[in-house]
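Those protein sequence lines, which keep their order, are chains A and B.
Heads up: the first sequence is residues 1 to 773, going by UniProt numbering.
Heads up: the second sequence is residues 1 to 773, going by UniProt numbering.
Backbone N, C-alpha and C define an ideal beta-carbon position, used for all residues, glycine too.
Please read these numbers as outputs of a predicted model, since none were measured by experiment.
Number of protein chains: 2
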Amino acid sequence: MNRLRTRFASVAALALAMPMLLANGYEDVDPRIGTGGEGHTFPGAVAPFGMVQLSPDTDTGCEIRECYGHAAGYRYDDPTIQGFSHTHFSGAGHSDLGDFLVMPVAGETVPLEPGDPKQPGSGYRSRFSHADEIAQPGYYAVTLTDPGVRAEMTAGTRVGVHRYTFGKNKAAHLLLDLRSSLYNYPGKILWSSLRMRPDGTVTGSRTTRGWAAGRQLYFAMRFSAPVKRHAFISTEKDVKYKGFQAPGRGSDAVAERSGQALVGRLDFGTLDAPLEVKVAISSVDEAGAIANLDSESGGFDAVRSATRGAWEKALSAVEIDAPEPMRRNLYTALYHTLIAPSVAGDVDGRYRGPDNAVHQADGFTFRSTFSLWDTFRAEHPLLTLVAPEQANSDMVRSLIASRKASPDGILPVWQFHGRETWTMIGYHAVPVIADTYMKGIGGFDANEALDAMIASATYDPYGGLGDYQKLGYVAIDREPEAASKTVEYAYDDWTIARMAEKLGRTDVAKRFYARAGNWRNSFDPKTGFVRARKSDGAFRTPFDPTAINYGSDYTEGNAWQYSWFVPQDQAALFRALGGDAKTVAKLDAMFEYDNSKLDYSHAEDIAGLIGQYIHGNEPSHHVAYLYAHAGQPWRTQARLKQIVDSQYKPTPDGLSGNDDLGQMSAWLMFTGLGFYPVTPGSLEYVIGRPFVDRAALNLPNGKRFTVVTDGLSNANLYVGKVLLNGRPLPRTYLRHDEIMAGGELRFVMQATPNRSWGKAASARPYSMSTAKR
Amino acid sequence: MNRLRTRFASVAALALAMPMLLANGYEDVDPRIGTGGEGHTFPGAVAPFGMVQLSPDTDTGCEIRECYGHAAGYRYDDPTIQGFSHTHFSGAGHSDLGDFLVMPVAGETVPLEPGDPKQPGSGYRSRFSHADEIAQPGYYAVTLTDPGVRAEMTAGTRVGVHRYTFGKNKAAHLLLDLRSSLYNYPGKILWSSLRMRPDGTVTGSRTTRGWAAGRQLYFAMRFSAPVKRHAFISTEKDVKYKGFQAPGRGSDAVAERSGQALVGRLDFGTLDAPLEVKVAISSVDEAGAIANLDSESGGFDAVRSATRGAWEKALSAVEIDAPEPMRRNLYTALYHTLIAPSVAGDVDGRYRGPDNAVHQADGFTFRSTFSLWDTFRAEHPLLTLVAPEQANSDMVRSLIASRKASPDGILPVWQFHGRETWTMIGYHAVPVIADTYMKGIGGFDANEALDAMIASATYDPYGGLGDYQKLGYVAIDREPEAASKTVEYAYDDWTIARMAEKLGRTDVAKRFYARAGNWRNSFDPKTGFVRARKSDGAFRTPFDPTAINYGSDYTEGNAWQYSWFVPQDQAALFRALGGDAKTVAKLDAMFEYDNSKLDYSHAEDIAGLIGQYIHGNEPSHHVAYLYAHAGQPWRTQARLKQIVDSQYKPTPDGLSGNDDLGQMSAWLMFTGLGFYPVTPGSLEYVIGRPFVDRAALNLPNGKRFTVVTDGLSNANLYVGKVLLNGRPLPRTYLRHDEIMAGGELRFVMQATPNRSWGKAASARPYSMSTAKR
């Protein structure tokens, strides 16, 4: 289906519809994109940046299956649904969550175990059919065929609402399985509790030893029909010490129970109306969860409607007119970029920080789920264009607040629910803050932010920073993945220098501009690759630029991908490589590398290969744009077509790698519009080529920036010319202020390369060593 | 040594010294009394009702030894000290705590395991000698001979302070072992954490699955010398999922670490001065612990001095002139009655409640460690005479606040650190509140209190209360220990009726006066014993009045002890037994029972036997006084001498049973003064006989009530007469208002019984069925 083409059948109609040219894309989002393959997105209900991600889990627990494939709980190919839980990452490459799994059970027999997916009826899990599924932003529905229950989900910012329609005259039950979790290694559930309150609210808690160790989460749950009977059951075995009997314990109808393996059974009898279950969570305490529950009024339909409105508004940030499947891919991409960083603070402003203590947000909403190694690249830069300024301010304030509460005194690395996981490398909160600040987004104390950035960049115990500060590079004999760390630190350092310069803290700027050149210390002129050095100065051998191994010189990649990571000074890198021609040849060699004999199946995140370009993981994401830095943007244009066509599809397996909390999607969103933030902090976007006929950014400042493509077709691979507000743009980059001013960027496509546009040194994107602007 | 006798060598000197007649007993307290045998007291440092009980643990962990004997961490006979931890119960019969064990280590080798007590040097534990020990209220010192360290402890209300004097030129270290705990069954440590803060404060937390499941406790710790190096080490094995590396983890010098088996090593280098370590705890969070730490100023000597002052003031509530060892026994008893219920709320008023949530105390200090089955008898009544009115108000307010936060909506049963353990039977917060209220102590909402009491007495899921309310007794086929429960509930009910009557809630009073007669439903006229009935009305058979078994008809006892528990209506019981003569004969039979063939060694709490009278456990505690209710107080007088002489000694094994948070000691304190609260809530004390030459109660209202004994000697077993303010007292009870008015109670002792005093019905203590007053 191509709804837009139908709606605007003629150019005349198109003109008439201006300026509300482009339809809102709510109907064009397909949350099931990425739920197959290794996209790791979830199909369930979430509000924009919502705290609750209420979504089906098809199989939880690594005791049953290998974890990676179930990072988001749901795999499109699985035959059964185990239940619906309230927390999920959107596209993470490692996982946790799946908290507070709820499953309806109908009839007299209520199994307490999920059972074997291969043996229907062996437990409470149920078969389902994709034909019965509806997945929309903020709404998910499916029929659980075994109990004969229609299950619907919606979510507000801090609540999830379930609606279960049971068969007539069937006794209705809910199971609440606190044993279920994603990445549920044995011993993960440290403690949990269930409580039936006198007013019928069920509350509870869970402390888990997962990706974030000792993470606490609380919930509060209310029902549209009274709970007639309840049982809070412990299925734990071999408890060495049991303590004394609480009141009523013999019957399991206890007011409260705690333990390491709890399942709650709630009996409702036969119901005349669908059963609605409204659930709020909190990282703080049960009182916080109850307050969050009270903060969002209305039942299922009201919440669904409000969240639909919120999504329509959020998605209206970009209006897209593009041929299918691009329109669907792009709206789904936009949707996926608006899920994280998620709201993580309670309605009263309290939140749990990296120190596992409760803090009070003063004038901002605490947000977490920062997958910064991924999202500093394009996700956060995109949010400065498509999310409200307040949301961007809140993210920075949340980062600063997290640093204050950090036992290590540094900014988040990979944080969720306020808790640090120490996943991936770099101090990439730094470029996020710098980019946000450089773009003029306020609402935070810039000097305090800079202090936090400096603290992160100078903390010796972190990731080889002691050596990095002493030697100018991370030493591979003392710290793994030293090559990747060195080049990423150098870029992060450059963003500190940029921000310090703007703040007038020239001593800091000078110091960190110098550090920004540290990539050279990991660059091997002989091989032309970024490599890891030992503390004695020698590069580590043996060296295989195609090897990908954990704990190697590189992080989830090899020399081919990492040797391009000098976003602050690509020109200098190109000189080191021997000039533009050699650089272009090397870029081509990367894309055209014969990888047919390489096997990267041992590496979870390596997918979406084009030669040695690996689109399924982030280190490659900027590489296709680098031809522009070498004065040959027409090669970028061709590569982008190659990547877009091969790496994105409007199908469950349509993402070539983990969406990584929006980064894979943000890449497509930018690329579809025709430009990409190769160097966040530079205030520039490198121009590629558009994949839309027309698109409009309705900017946070109220301005409107339109992209128009003349001659978009598969044949017209190349940009003939670019007009900004009607005037030819002689350069291959766009400035942030040009977007924010509103206006029109027009691309004229053609079948042959324009080899002269963008060739001049002055026309090329920012590089530190050549920058005069 | 008999210091008093020396000080007041002549009657003349005695007279001259009036009215500051009696010396403060600080020097006469021996905290080591009860640390041997099964007294389960601790010798370490505690302030009056202090939150921190800083005391040596000689052996922790049931993995090493049987738990019961180490309920307070320290056993006098043990040869080694494992460390010093911050929380201990005083005399509990079940246990937990031992939180945050600290041990000094000297020299280059720092073992991380305590090692085997039988193999000196096999770990960090050390040998010690009692000759080197000093134990005083608020101060404990010992020399750890293996590291050659003098260890001193003191404590303020919310802090403990250690002082370690290391040998010259020996490297000083502290170990902080978060794996150590009392009653440390495998799996008890659910989670723990250690954090080094930038200012050198070490903080941490522990969540344990012990007597109170999921109990959280936090600490903050500062040092008089800088920590030069630290290591936070996890000794956990077989961790299934380890997550990602935190900064500096390779070196263990991490800023923060969490896990299930942590030990911290703090290195101070060689020190010129003793090392002081100040530690605060909090049930709320680390910020609470830090605030508690900040709330008490000064170093070791300042805290020690302030706490000595606090103890001198607290102990001045009773001035005692008695022959040794009674003086020492009594002052130590008084000391032991002033330890619990302990302060459990933070300096900012926050505390953790039975719901495991944090609450704010509004205008009172939250207190916990309520061993109510024990302490409702004499400990709480004593506190109304010897502790400030505010402390008694706080206890009632804490009970009411706990009920509000209780998932079951009822008052505490056996609570510590705000958390319920469901240990023992009854709803004995009820008589504590009623007695406090009847005595005119205010500061709480009496109607709210009564509502809480009614809630506890009518909660069907608790301890067979459903049957009790329906049948008039707890049914043994549905609830264990039904006989004990029935008679204790009936007494508790009577206290509700008393309080309701005074409050003018006559409907409540009528209902609960009726319930107060329910003891009859468990009384078997055929055998003359209280017995358990089944739901069909029949008494359970077979019946053996001497059998003591867990889950039997009785709680830690048998028919002999429980058949006397009708404190609200002993007269009615005596009629049921066939009158005074048969009652007296039965009482004598109890004391004179030939128990030589009985073996109760399987029952932890059964100790201190005189026939079937078991002084080491509470059910017998009022029994010797019951002769007075039968009009033969001279028999009480003789029995008390027998009990006092055999059950209390000024030695480590000087308590015949667990001190039970002051109840064993409160019995001695009252008995020593010559009267005892057989029926809390009656506003009467039954007169026994004194064991002091002279004593004075300096009452909370500022009045002074003096007890004087003429002719105290071993030969003068009997009371000849009793004079209240110079007038003969014709009855065998003393009214609470008579004490509170101040004055003098004079006993004239003689060698032969006075068989006429107290014989008249009107002269006998309160019984509900005969009461006209």
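Residue range of the unbroken beta strand (DSSP E) whose run includes residue i
i	result
Gln750/B	Gly743 to Gln750
Trp494/B	Element bounds for Trp494/B: not the beta strand (DSSP E) but the alpha helix (DSSP H), Ala482 to Leu503.
His230/A	Arg229 to Ser234
Ser192/B	Ile189 to Met196
Glu152/A	Val149 to Ala155
Residue i, buried or exposed, once every other Cβ within 10 Å from all chains shown has been counted against 16
i	result
Leu315/B	buried
Asn701/B	exposed
Asn714/A	exposed
Ser55/B	buried
Gln360/B	exposed
Thr752/A	exposed
Tyr627/B	buried
Pro198/B	exposed
Pro541/B	The residue asked about is misnamed: residue 541/B is Thr in this sequence, not Pro. Looking at its Cβ environment, which holds fewer than 16 other Cβ atoms inside 10 Å, Thr541/B is exposed.
Gly537/B	exposed
DSSP-derived helix/strand/coil call for residue i
i	result
Gly264/B	strand
Met664/B	helix
His736/A	helix
Leu271/A	coil
Met221/A	strand
Asn518/B	helix
Ser368/B	strand
Gly83/A	strand
Gly541/B	According to the sequence provided, residue 541/B is Thr. The question's Gly does not apply to it. Coil.
Boundaries (first-last residue) of the alpha helix (DSSP H) holding residue i
i	result
Ala452/A	Ala446 to Ala457
Arg575/B	Gln570 to Ala576
Val239/A	Taken as a continuous stretch (DSSP letters only), Val239/A belongs to no alpha helix (DSSP H), as it is neither H nor E.
Arg308/A	Phe300 to Leu315
Val396/B	Glu389 to Ala405
Pairwise C-alpha distance: residue j and residue i
i	j	result
Glu479/B	Ser456/B	17 angstroms
Gln612/B	Ala344/B	38 angstroms
Gly672/A	Thr546/A	30 angstroms
His40/A	Asp348/B	46 angstroms
Ala761/B	Tyr625/B	16 angstroms
Thr651/B	Arg32/B	7 angstroms
Listed from N- to C-terminal order along the chain, which residues in the segment 469–484 of chain A have their beta-carbon within a distance smaller than 8 angstroms of any beta-carbon of chain B?
Those residues of the segment 469–484 of chain A that come within reach of chain B (Cβ to Cβ, closer than 8 angstroms) do not exist; the list is empty.
Of the residues that make up the segment 450–467 of chain B, which ones have a beta carbon closer than 9 angstroms to any beta carbon in chain A?
So the close ones are Tyr459, Asp460, Pro461, Tyr462, Gly463 and Leu465.
Please name the residues in the segment 538–556 of chain B whose beta-carbon is closer than 9 angstroms to at least one beta-carbon of chain A, in chain order.
Hits within the stretch: zero.
Got a sec: which bits of the segment 381–409 of chain B sit with their beta carbon under 8 angstroms from any beta carbon on chain A, in order along the chain?
In summary, the residues of the segment 381–409 of chain B whose CB is separated from some CB of chain A by less than 8 angstroms are Pro407, Asp408 and Gly409, in the order they occur in the chain.
Residues, ordered as in the chain, of the segment 233–264 of chain A that lie near chain B by beta-carbon distance below 7 angstroms
If the cut-off is 7 angstroms between Cβ atoms, the segment 233–264 of chain A has Lys240, Tyr241, Gly243, Phe244, Gln245, Ala246, Pro247, Gly248, Ala255, Glu256 and Ser258 near chain B.
Taking a Cβ distance cut-off of 8 angstroms, strictly less, list which residues of the segment 342–376 of chain A are near chain B, in chain order.
Within the segment 342–376 of chain A, the residues whose Cβ lies closer than 8 angstroms to some Cβ of chain B are Asp355, Asn356, Ala357 and Val358, listed in chain order.
Check distances from the C-beta atoms of the segment 157–190 of chain B to those of chain A and list, in chain order, the residues that come in under 9 angstroms.
Result list: Tyr183, Tyr185, Pro186, Gly187, Lys188 and Leu190.
Using a Cβ-Cβ cutoff of 9 angstroms, what residues of the segment 286–297 of chain A are near chain B? List them in chain order.
Listed by position along the chain: Glu286 and Ala287.
For the segment 413–429 of chain B, which residues have a CB atom closer than 7 angstroms to at least one CB atom of chain A, in sequence order?
Cβ contacts with chain A: Thr421, Trp422 and Thr423.
Residues within the segment 623–648 of chain B neighbouring chain A, beta-carbon criterion of under 9 angstroms
Hits within the stretch: zero.
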